[in-house]
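Encoded as structure tokens, the structure appears first; notes follow it.
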Amino acid sequence: MDHDRPIFLQIAELIENSIIDGSLVEEAQVPSTNELAAFHRINPATAAKGVNQLVSEGTLYKRRGIGMFVAGGARARLRERRRERFAEQYVEPLLAEARKLGIGHDELMKMIDSFGAVVGRDLG
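If you read the sequence shown in UniProt numbering, its first letter stands for residue 1, the second for the next number, and so on.
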């Protein structure tokens, strides 16, 4: 856990990450707040706050007496939201810095391609 960010937000993000990477598929049951609390050694109310945030966003839904489940379309919605944040947090500052340094489009694309080759991954 990151001590600089509220724990309930980190719990919500962990569940979101599991949905995005496919570990938790639509209609799958998510761990209970007690399971999350025990695993992360946190207060169950804190875990519940993170889960309830996802419920209020429509990412999870509750089946009374059974537990929380991943809502239909949750993965697509999360990916779209994260893509928007990605552009704001990373792409816009990258382009601003490239402009300051006089790095043109072609040079920037070469840098990105060469970095991808270094880490052994293709973004496409």
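Yeah, the Cβ is synthetic: ideal placement off N, Cα and C, and Gly gets one too.
Bear in mind the structure is a predicted one, so any value in this text is a computation, not a measurement.
A Cβ-Cβ separation of about 4 Å places LEU24 in contact with SER18 under the 8 Å criterion. With contact defined as three or more Cβ pairs closer than 8 Å, the stretch 60–77 and the stretch 96–109 are not in contact. In the DSSP secondary-structure assignment, LEU60 is bridged to VAL70.
The stretch 81–95 makes no contact with the stretch 44–52; the number of CB pairs closer than 8 Å stays below 3.
Judged by DSSP secondary structure, ILE15 falls within the alpha helix (DSSP H) whose first and last residues are 7–20.
Boundaries for GLU26: no alpha helix (DSSP H) harbours it, and the DSSP string shows neither H nor E there. Under the three-state reduction of DSSP, ASN34 is assigned to helix.
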